[in-house]
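Just below is one structure, and these are the notes that go with it.
Numbering (the working numbering), first residue to last: 510 to 927.
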């Protein structure tokens with residue numbers, strides 16, 4: 510049986526608005542417009558004939574690596590069990606990326622697993638174990654390697670560059686964990702990455718290679734669509750920045766980590782819900798490395814397994830890995846991304862105008878930015894205009910931490926991420 514052709518006439522944005530107003534039965538259309546955390550108006554409907562200029566989705570698509578895949582990452586905690594059984598357990602739980610904040614641990618133990626695809630190692634300023642690390646990495650089967658340094662002068666670039674995919678990590682996520690808004694976090698990330706880019710170029714690294722050696726890590730918060738737009742926005746901002754240096758095809762390795770700014774000690778199992786939507790935002794936004802933090806702060810074998818299963822469920826049962834860019838073509842996300850890019854670029858200009866990230870950090874501008882954001886967000890939770898499940902909404906009556914909501918009690922309710 511042949512299915513007849515059906516003609517679906519286009520519907521304009523005005524027609525959509527008329528339909529919405531009719532369904533509201535006298536309620537003003539403007540009542541459906543709200544402002545998100547960044548002060549951006551969120552409308553009830555978006556349409557192609559009112560879409561933003563610049564082809565945001567295509568720009569983001571172009572800056573993403575071809576056939577990019579996301580990997581679950583786990584950080585080795587100081588004082589953890591021996592490294593080898595820790596790696597074996599991580600492999601059994603579906604982890605594809607492991608991270609060492611202390612490079613000496615990796616140098617002593619090395620890698621003996623089979624399914625880990627990526628290693629991330631933070632090199633200390635006194636890198637006595639560098640030779641052992643490089644030797645181990647040269648003989649390993651890791652597909653991707655991050656060797657993170659603070660300054661290029663600490664090591665010989667010629668020793669690291671053939672081994673590592675990335676040399677500089679921009680952990681702007683830590684500012685989100687002390688209250689920075691999406692636009693503040695993006696501005697910090699971009700100005701910080703700019704400093705690294707300039708340093709590489711000044712050391713005669715080719716522009717395209719210099720861009721490839723930088724990785725940006727953003728924290729994923731609880732405002733679902735804003736966080737998706739934030740991850741998309743950093744790629745647009747990176748494209749704008751690198752174009753100033755005539756860098757073609759500036760692909761960016763983007764990492765995400767759950768923001769503990771919204772992880773609470775109060776009724777801590779609700780953090781699993783937050784971790785799930787945060788991880789979803791990171792995936793849809795285009796992150797390649799995802800760190801899902803344990804729900805109970807420091808973590809243990811059980812909570813680490815639950816954290817891994819958040820990613821495993823999204824991959825294997827919700828099929829989040831099937832699409833290359835699931836947010837591509839969304840008029841709402843394009844509009845939101847565009848507005849976040851504009852706001853973040855203005856904040857970046859504030860930082861650059863005082864001499865860049867390091868100078869802005871030293872003169873207190875960075876602190877003022879994130880503190881203003883944190884104070885405003887905490888005030889919203891205290892007043893109830895911002896919902897925090899288990900704290901100001903459906904709190905556990907048996908919790909000794911919060912009996913009445915105040916800024917002081919709220920600070921005690923958060924994990925010590927700050």
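Note that beta-carbon positions come from the ideal geometry of N, C-alpha and C, so glycine has one too.
When the Cα atoms are used, what is the spatial distance from residue i to residue j?
i	j	result
residue 611	residue 629	10 angstroms
residue 528	residue 549	24 angstroms
residue 919	residue 602	Its pLDDT being 41, under 50, residue 919 is placed unreliably by the model, and nothing is read from it.
residue 682	residue 729	8 angstroms
residue 911	residue 523	At residue 911 the pLDDT is 47, less than 50, meaning the model places this residue with poor confidence and gives no usable figure here.
residue 863	residue 749	20 angstroms
residue 547	residue 531	30 angstroms
residue 656	residue 786	29 angstroms
residue 927	residue 802	Summary for residue 927: the model assigns pLDDT 39, below 50, so the residue's position carries little reliability, and this model does not support an answer.
residue 520	residue 814	48 angstroms
residue 672	residue 886	42 angstroms
residue 650	residue 808	29 angstroms
residue 828	residue 518	33 angstroms
I'd like to know whether the C-beta atoms of residue i and residue j end up nearer to each other than 8 angstroms.
i	j	result
residue 582	residue 661	no
residue 689	residue 853	no
residue 793	residue 836	yes
residue 777	residue 818	no
residue 810	residue 759	no
residue 736	residue 678	no
residue 731	residue 771	yes
Please state whether DSSP places residue i in a helix, a strand or coil.
i	result
residue 829	coil
residue 585	strand
residue 811	helix
residue 678	strand
residue 734	helix
residue 818	helix
residue 722	coil
Quick check on residue i: buried or exposed, where buried means 16 or more other Cβ atoms within 10 Å of its Cβ?
i	result
residue 890	buried
residue 764	buried
residue 746	buried
residue 848	buried
residue 537	exposed
residue 791	buried
residue 543	exposed
residue 825	exposed
residue 844	buried
Kindly indicate the opening and closing residues of the alpha helix (DSSP H) around residue i.
i	result
residue 871	866–871
residue 592	592–601
residue 703	691–711
residue 787	779–794
residue 850	840–862
residue 660	Looking at the DSSP string, residue 660 is not in any alpha helix (DSSP H), and its letter there is neither H nor E.
residue 649	Residue 649 -> no alpha helix (DSSP H), and no H or E assigned at all.
Is residue i a contact residue of the ligand FAD, with contact defined as CB to any heavy atom under 7 angstroms?
i	result
residue 790	Here there are no bound small molecules, and the ligand FAD is not part of this structure.
Within the continuous beta strand (DSSP E) that includes residue i, where are the two ends?
i	result
residue 656	653–657
residue 800	798–800
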